[in-house]
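First the structure, in the form of structure tokens, and then the observations on it.
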Amino acid sequence: MPRCSSFSTALSLVVIGFLDGASLLWATDYYLTLGGGYAPHGNQASLEANVLFLEQVLVEHGVAKQWHTILFADGDDPEPDLQYSVPENGATGPATQVLQRIFRPRSRSQGAVAYRNHHIDPVAGKLHPRAVREQLAALREAIREGDRLVIYVTAHGSRGSREQPLNTTIDCWSDRRIEAQELERWLRDLPSTCSVVMVMAQCYCGGFAYTMFRDLEPANGLAQPLRVGFFAQRYDRPAAGCRPDIGNDQEFSSFFWGAMVGRTRNGTVLPHADLNDDGRVSFAEAYAIAVVHADTIDVPLRTSDVFLRSFSFIPGYFVDWERTWRPDAMAEDVAGSSNEQDTNNEDRGRCHVGENREPFNMSGPLSALLQHTSTVNAQAIEGLCQRLGIDSQHATIESILEAEANLRDRFEQQRAAAMRRGRGRSAWRIRRTLRQEILDRWPELADADTWPENPLLSEADQPKLLSEIENLPSWEEFHDLELRRDREREERVSSELQLVKFERLRFLIESVVLERNFLQTAQGEQMDWFQRIVALENSTL
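Residue numbers (numbering that gives the first Met the number 0): 0 to 540.
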């Protein structure tokens, strides 16, 4: 039973161990979901679907629905606040589809939408900074030693400022925002003996990984209570998802929570997620499943990845997206770049790892590296290699870096060529000419809003009209243009998704190398910090 009957957040009794593993105690889990958009037009149905899916996951793990506190969009306001996709009027016929591509070329990706009230029930309130603070204040009174708070965010997010790029945001209803620095300060009010696990899927959410540090600054040390997280995307990139059409569930949340129950939000069966065969699926294992199997533009990360990028180093190698601050003893070791070799860099590295132990580099056989990391990391790396067609037993780290660089060059060339063709007058001329031929023959098609009522586009007459359009002088040229564009678009999407998998693979390899160097150099407090972070990441629902 809840310790505080007036507190609205879910309580679920679970057995967890202290992070030092010394003993087992009954502890309480609290679940707080922050979901939805900033306005009806930015509150897509996929955000609602994510929340409903988490409710299913929690129920399957023994957490009753009424024990889960949710702040979503406009709360219990009955006015329509959710955007969902609907079929376009008359857009199902073959002739209408062709006319859409000729007269409304952008509508292919946009589609038609409508609005309704969300279906989250019960909902504790609107997604608003004040409501979040009130919930955290209630938690402060309820939480006891050893308890845990799980915060899930499926919302929109914005970049940080140029001066504070890591201070990204959760975008709330009525265009309010919660900055990473604000959330970090609010979490300090919780008892220091509890712990916090965050799962965030909004754009630019990687900035919130730094809430493990006071004021987001590694130099200030870990904030209390201990908080870890799993984030869909880096601090400087938008994330996948936020669609009015819920038929596509290729997004971080679907795979992360789906790993806990063996299926995605839409029911796609996922691979076995208990990677270390200990009889449970940890947060870290769910993260690994999402990293390997989600076909999105995201490059997910964990707090341990950020911690290592703040306190470790790779000699002679610039770790992409790293904090500028480092402990003084390591500052010079991370200043170099793979393109700007410093002949003294390796010597500086040796002084940190002892006389007989050299630091590890981004080089050598991948198989050797995999022998010195956790089962979860090793299986995630091997899984990505398999999806990229890389033989992990014979590949070298150098060959992987080279393959990524080559693919990036090809992708940039594809994108540049597409932009040049898109700006050219030939494509515009072909479309304009065909459009005019259609209007000369059927002037009543000029107003697309009247198409649903136009007799020409009745279901029975669609094939006849399409045949006549295909006999127009400019049709063949237009058709060839569209086929080429579709093919090139598919190639670019495929290349981008493959490139993202390479980025994920490199990111994981960097983390393993950083961890090996950290374990050779760290002492005292920093080592304790890292061990506590990893232990909490490896906990489960």
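C-beta: ideal position from N, C-alpha, C; glycine also.
Just confirm the distance between the C-beta atoms of Trp-172 and His-118, as a whole number of angstroms; I'd bet it's less than 8 Å.
Stepping through the sequence shown from its first residue, residue 172 is reached at position 173. Stepping through the sequence shown from its first residue, residue 118 is reached at position 119. At roughly 17 Å, the Cβ-Cβ gap does not stay under 8 Å, so Trp-172 and His-118 are not in contact.
Taking DSSP's pairing of strands, which residues face Ala-111 in a bridge?
For the purposes of this step, residue 111 is taken as residue 112 along the sequence shown, with counting starting at 1. BP columns for Ala-111 point to Val-85.
Can you tell which of Ile-288, Gln-413, Glu-250 has its C-alpha closest to the C-alpha of Leu-46?
Along the sequence shown, read from residue 1 onward, the residue named residue 46 stands at position 47. Of the candidates Ile-288, Gln-413, Glu-250, the one whose C-alpha sits nearest the C-alpha of Leu-46 is Glu-250.
Under the three-state reduction of DSSP, which class applies to Ser-157: helix, strand or coil?
For the purposes of this step, residue 157 is identified with residue 158 of the sequence shown, where counting begins at 1. It is a strand residue.
Pick out whichever of Thr-192, Ile-177, Glu-140, Ile-142 has its Cα sitting closest to the Cα of Ser-157.
Start at 1 with the first residue of the sequence shown, and residue 157 comes out as number 158. Out of Thr-192, Ile-177, Glu-140, Ile-142, the CA that lies nearest to the CA of Ser-157 is found in Ile-177.
Exposed or buried, Leu-138, counting other C-beta atoms within 10 Å across all chains shown (16 or more means buried)?
Indexing the sequence shown from 1 puts residue 138 at position 139. By the 10 Å Cβ count, Leu-138 comes out buried.
DSSP three-state assignment for Gln-593, whether helix, strand or coil
Residue 593 cannot be examined here, being either before or after the span of the chain that is shown, 0 to 540.
Do you know offhand how far Leu-456's Cα is from Arg-483's?
By 1-based counting over the sequence shown, the position of residue 456 is 457. By 1-based counting over the sequence shown, the position of residue 483 is 484. Across the structure, Leu-456 and Arg-483 are spaced so that their CA atoms are roughly 27 Å apart.
Gly-124 in three-state terms, based on DSSP:
Counting from 1 along the sequence shown, the entry for residue 124 is found at position 125. Gly-124 falls in the strand class under three-state DSSP.
With a cut-off of 8 Å on the beta carbons, I'd call Asp-248 and Arg-264 a contact; round off their distance for me.
Within the sequence shown, the letter at position 249 stands for residue 248. Within the sequence shown, the letter at position 265 stands for residue 264. Their Cβ separation, rounded to whole angstroms, is 4 Å, which keeps Asp-248 and Arg-264 in contact under 8 Å.
Output the distance between the C-alpha atoms of Tyr-234 and Pro-224, rounded to the nearest integer angstrom.
Looking up residue 234 in the sequence shown gives position 235. Looking up residue 224 in the sequence shown gives position 225. If I take the Cα positions, the gap works out to 23 Å.
CB contact flag (Phe-255, His-292, <8 Å)
Start at 1 with the first residue of the sequence shown, and residue 255 comes out as number 256. Start at 1 with the first residue of the sequence shown, and residue 292 comes out as number 293. One thing to note: Phe-255 has its Cβ no nearer than 8 Å to the Cβ of His-292.
Whose C-beta lies closer than 6 Å to the C-beta of Phe-477 among residues of the same chain, with five residues either side of it excluded?
Taking the first residue of the sequence shown as 1, we reach residue 477 at position 478. If we look at Phe-477 and ignore the five residues flanking it on each side, its Cβ neighbours are Ile-429, Leu-433.
Inter-residue spacing [alpha-carbon to alpha-carbon] between Pro-237 and Glu-502:
Your numbering for residue 237 matches position 238 in the sequence shown. Your numbering for residue 502 matches position 503 in the sequence shown. Rounded to the nearest angstrom, the two C-alpha atoms are 15 Å apart.
Identity of the residues DSSP links to Pro-364 by a beta bridge
Mapped onto the sequence shown, residue 364 falls at position 365. Checking the DSSP bridge columns, you'll see Pro-364 partnered with Thr-395.
Whole angstroms is fine: what's the gap from Arg-143's alpha carbon to Thr-539's?
Working through the sequence shown from its first residue, we reach residue 143 at position 144. Working through the sequence shown from its first residue, we reach residue 539 at position 540. Those two C-alpha atoms are separated by around 19 Å.
Option nearest Trp-528 by Cα separation, candidates Gln-55, Arg-409, Phe-212, Trp-185
Here residue 528 refers to the residue found at position 529 when the sequence shown is read from its first residue. Ranking Gln-55, Arg-409, Phe-212, Trp-185 by Cα distance to Trp-528 puts Phe-212 first.
By the three-class DSSP mapping on this structure, what secondary structure does Val-58 have?
Here residue 58 corresponds to residue number 59 of the sequence shown, with the count starting at 1. DSSP places Val-58 in helix when its eight states are reduced to three.
According to DSSP, is Tyr-151 helix, strand or coil?
In the sequence shown, the residue the question calls residue 151 occupies position 152. Tyr-151: strand per DSSP, three-state reduction.
With a 10 Å radius around its C-beta and 16 neighbouring C-beta atoms as the bar for buried, classify Val-512 as buried or exposed.
The sequence position of residue 512 within the sequence shown is 513, counting from 1. Buried: at least 16 other Cβ atoms inside 10 Å.
For Leu-33, write down the residues that DSSP places opposite it in a beta bridge.
The residue labelled residue 33 in the question sits at position 34 within the sequence shown. Partner(s): Leu-70, Val-152.
Beta strand (DSSP E) segment containing Arg-226, residue limits:
The residue given as residue 226 occupies position 227 in the sequence shown. Run containing Arg-226: 225–230, per the beta strand (DSSP E) assignment.
Nearest-angstrom Cα distance between Pro-314 and Arg-515?
The sequence position of residue 314 within the sequence shown is 315, counting from 1. The sequence position of residue 515 within the sequence shown is 516, counting from 1. One C-alpha to the other measures close to 13 Å.
Is it right to say Thr-587 is buried, meaning 16 or more other beta carbons lie within 10 angstroms of its own, or is it exposed?
Only positions 0 to 540 of the chain appear in the structure, and residue 587 is not among them; the question remains open.
Suppose you measure from the CA of Glu-481 to the CA of Glu-509; what does that come to, to the nearest Å?
In the sequence shown, counting from the first residue as 1, residue 481 sits at position 482. In the sequence shown, counting from the first residue as 1, residue 509 sits at position 510. A direct Cα-to-Cα measurement between Glu-481 and Glu-509 gives close to 42 Å.
Is the number of C-beta pairs between the region 22–42 and the region 55–74 that are closer than 8 Å three or more?
The region 22–42 vs the region 55–74: in contact.
For Arg-129 and Thr-192, the rounded distance between their alpha carbons
Here residue 192 is taken as the residue at index 193 of the sequence shown, counted from 1. Here residue 129 is taken as the residue at index 130 of the sequence shown, counted from 1. Approximately 25 Å between the Cα atoms of the pair.
Taking C-alpha atoms, which residue in Tyr-316, Lys-125, Ala-218, Thr-295 lies nearest to Phe-496?
Here the question's residue 496 lines up with position 497 in the sequence shown. Note on residue identity: the sequence assigns Leu, not Phe, to residue 496. If we check each option's Cα against that of Leu-496, Thr-295 comes out closest.
Who does Arg-262 pair with in a DSSP beta bridge?
Position 263 of the sequence shown, counted from the first residue, corresponds to residue 262. Answer by DSSP bridge pairing, in chain order: Val-268.
His-292: beta carbon under 7 Å from a heavy atom of the ligand GDP?
Among the ligands in the structure shown, none appear at all, so the ligand GDP cannot be discussed.
Near Gly-278, what residues of its chain come up, given a Cβ to Cβ distance below 7 Å and the 5 sequence neighbours on each side ignored?
Counting from 1 along the sequence shown, the entry for residue 278 is found at position 279. For Gly-278, same chain residues with a beta-carbon under 7 Å away, outside a window of 5 residues either side, do not exist.
Can you name, in chain order, every residue of its own chain whose Cβ lies under 6 Å from the Cβ of Ala-239, other than the five neighbours on each side?
Residue mapping note: residue 239 aligns to position 240 of the sequence shown, counting from 1. For Ala-239, where only same-chain residues beyond five positions count, the Cβ hits under 6 Å are Glu-250, Thr-295, Ile-296, Asp-297.
Mind checking who Glu-178 pairs with in its DSSP beta bridge?
Numbered from 1 along the sequence shown, position 179 holds the residue referred to as residue 178. Answer is Thr-168, bridged to Glu-178.
Excluding the 5 residues flanking His-371 on each side, which residues of the same chain have their C-beta closer than 7 Å to its C-beta?
For the purposes of this step, residue 371 is taken as residue 372 along the sequence shown, with counting starting at 1. Setting aside the 5 residues that flank it on each side, His-371 is surrounded in the same chain by Arg-515, each with a C-beta closer than 7 Å to its C-beta; the list follows chain order.
If you follow the beta strand (DSSP E) that Gly-198 is in, where does it begin and where does it stop?
As a working note, residue 198 is residue 199 in the sequence shown. Just to set this straight, residue 198 is Val in the shown sequence, not Gly. In this chain, the beta strand (DSSP E) harbouring Val-198 covers 194–199.
Return the Cβ separation of Arg-308 and Glu-536 in integer angstroms, given the expectation that the two are a contact with Cβ distance under 8 Å.
For the purposes of this step, residue 308 is identified with residue 309 of the sequence shown, where counting begins at 1. For the purposes of this step, residue 536 is identified with residue 537 of the sequence shown, where counting begins at 1. A Cβ-Cβ distance of about 15 Å is found for the pair Arg-308 and Glu-536, leaving them out of contact under the 8 Å criterion.
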